[in-house]
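Asker:
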Amino acid sequence: MYQISLNGLDGSGKTTQYSLLKKNFYYAYFSNDISKYNVFPSLKGDDFFRWWFLDSSLDEFCNSIYKGIRLRNDDSLNQQKNIVFNDKGVFTFDCRILANFLLRGYTMENINCSIKKYKSKYAIENEDLSVFLNIPDTSKLSARRKSRNVDSQNSYDDYYEQYQKRLLEVTNDSLRQSNIKLINANDEIENVFKNLLNLFIDNGQQFIFVSGVSESGKSTASEYLSMKLSNAAHVKMRDISDELYRNSNSKEEKYIWMREQEKYSPYKFWF
């Protein structure tokens, strides 16, 4: 199992890119959010905010986070897929813990000690490939967050803004000390996605290009190839949707679209 995590600050577009990956990588597994494994208290709204940012102890919080990651990893392993994508990886959660408890007044030494303790307890390691969607202009991040949360104001807005600033500081420090791969997210959505694909290729991933018009048998062929190539190292099945092909207005547009998709793949099949 080869794990790829998508990381980034709030407003970086990681959820959008995760959705695009999900649409295009039919034979990869896309893991659950760790909250799906009931590792957090059953609280809502302000009550959950207080637990997350104010009331939880360092041990309690770290235990919940890394237990959730462990359960997510075990669940992913049970899917028996060659490739697993995680929306928010170990890097993201490490940074969130640091920012959260530094803001509460804990020392870096104490926080790192707890992080190390619970990572060891649940045998947590970094993913095989960790990607960070980077937006150097932090004012754009802030604008994206505000536009997304324009209707959700509560008494903790000021505190949350302080947390975001601390998270930015922690993340930048952690990036300088890590081997995480950076992708410029300050671009058109489609260009960010293409850069992600190129990054996967640069890190030894291979694509199978299987496409065709509706009912051409491309899904059956993809399943067959997936089984035949199951033992190959880090092979990704990419069954390209023909939606863009159908919506192209001319033969020239169809040709351009096909060539655009094929350049990502050393193996090409057209049905």
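Going by my numbering, the sequence shown opens with residue 7, and the numbers climb by one from there. From the three backbone atoms N, C-alpha and C, an ideal C-beta is built for every residue, glycine too.
(1) Report the residue ranges of all beta strand (DSSP E) runs contained in full by the segment 79-154; include only those spanning at least 3 residues, in chain order.
(2) Does glycine 19 come out as helix, strand or coil in the three-state DSSP assignment?
(3) Quickly, what does DSSP pair lysine 295 with across the bridge? List them, please.
(4) Closest to asparagine 192 by CA distance: which of Ile71, Leu139, Phe59 is it?
(5) Using a Cβ distance threshold of 8 Å, determine whether the segment 71-89 contacts the segment 31-40, with at least three qualifying pairs required.
(6) How many angstroms separate the CA atom of leucine 77 from the CA atom of asparagine 44?
(7) To the nearest angstrom, how far is it from the Cα of tyrosine 128 to the Cα of phenylalanine 67?
(8) For the candidate residues Asn190, Asp163, Ser25, whose alpha-carbon lies nearest to that of arginine 56?
(9) For the alpha helix (DSSP H) containing serine 180, name the first residue and the last one.
(10) Let me check one thing: in DSSP terms, what residues is alanine 13 bridge-paired to?
(11) When the distance is taken between beta carbons, is asparagine 132 closer than 8 Å to valine 176?
(12) According to DSSP, is tyrosine 35 helix, strand or coil?
(13) Glycine 51: buried (16+ other C-beta within 10 angstroms of its C-beta) or exposed?
(14) Contact defined as beta carbons within less than 8 Å: I believe leucine 205 pairs with isoleucine 189. What is the distance between those atoms, to the nearest angstrom?
Answerer: Let's see:
(1) 89-93, 135-140
(2) coil
(3) Any question about residue 295 goes unanswered here, given that the chain covers just 7 to 277.
(4) Leu139
(5) yes
(6) 10 Å
(7) 14 Å
(8) Asp163
(9) 163-182
(10) Per the sequence shown, residue 13 should be read as asparagine rather than alanine. Paired residues: Phe138.
(11) no
(12) strand
(13) exposed
(14) 6 Å
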